[in-house]
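Encoded as C-alpha cells, the structure appears first; notes follow it.
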Amino acid sequence: MISRRLMIIGAALGLAGCGTRFKEYNGPEITRIQVFKQQRVMHLVHHNKVLRAYRFELGFAPAGHKQQEGDGRTPEGAYFINRRNPNSNFHLSIGISYPNEYDVAVARQMGVKPGGNIFIHGTPKYAFGRPDWTWGCIAVTNDEMEDIYAMVRDGTPIYIYP
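For the sequence shown, the numbering used here gives the first residue as 2, with consecutive numbering after it.
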C-alpha cells in the first residue's frame, strides 16, 4: 500500500513536469498592432514606438480586402484582438474581430457570407516555406507566435493596411 505522503510527493513531481508552454512578457503594453500586407511586416507598437516587427504569410489570394467566406483574403481595416486559443491547430492563435458590422452589411448586399475566424497564428510543419498558404489569417513562426501571444492582450486594436 502506498502511503499518503508518497502519493502527495508523486503528484507534486508530476505537476512540476507540466510547466506552462506560455512565455511571459513584462515590458511596455502593446497599444496597437499594425499589419502592412504588401510589405509582409507586422509591428507591435507601444504608443509611437515599434517594439517588435515580424514577417508573415497571408491567405492564398492576399490582394484586396476580405469580402466573403473562402476568398483567401485577409481583411483590411480597423479591428481588435477579441479572443485567444491556446489549443490552436496552428500552435497558438489570437483572434481578430473580423467581420465587423460594415463587413457583414457589404457581404449581405453581395448575397454572400463574410467569413470569419481570422487569426494571427503559428505555422504547422506542412506549411513551412510555403508562401501565402492560409485561408485569410496572418501566419508567423511558432516561436514568434509565442512572443506575440504573451505580448498582446485582448482588446488591442489592430490596423490592417493593403
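Positions of the beta carbon are idealized from the N, C-alpha and C atoms, including for glycine.
On a predicted model such as this, the values are computed, not experimentally measured, just so you know.
Sequence-distant Cβ neighbours of residue 98 in its own chain, meaning closer than 7 Å and more than five residues away, are 80, 81, 83. For residue 55, the enclosing beta strand (DSSP E) covers residues 50-56.
Contact annotation: residue 115 and residue 40 have beta-carbon atoms that are not nearer than 9 Å. Residue range 102-111 is occupied by the alpha helix (DSSP H) that includes residue 109.
Secondary structure note for residue 151: it is in no beta strand (DSSP E), and the uninterrupted alpha helix (DSSP H) holding it is 143-152. Secondary structure of residue 128 (DSSP, three-state): helix. Judged by DSSP in its simplified three-state form, residue 92 adopts coil rather than helix or strand. Taking C-beta separations shorter than 8 Å and ignoring five residues to either side along the sequence, the partners of residue 132 in its chain run 58, following chain order. Following the DSSP letters along the chain, one finds residue 35 inside the beta strand (DSSP E) bounded by residues 33-37.
With the rule of 3 Cβ pairs closer than 8 Å, the region 106-126 counts as touching the region 135-155.
Within the same chain, and ignoring the five residues on either side of residue 145 in sequence, the residues whose Cβ sits closer than 7 Å to its Cβ are 55.
Taking a C-beta distance under 9 Å as the contact criterion, residue 50 and residue 148 do not qualify as a contact pair. From the listed residues 61, 36, 77, the smallest Cα separation to residue 104 is found for 77.
With fewer than 16 other CB atoms across the displayed protein chains lying within 10 angstroms of its CB, residue 129 is exposed. Bridge partners of residue 44 according to DSSP: 35, 54.
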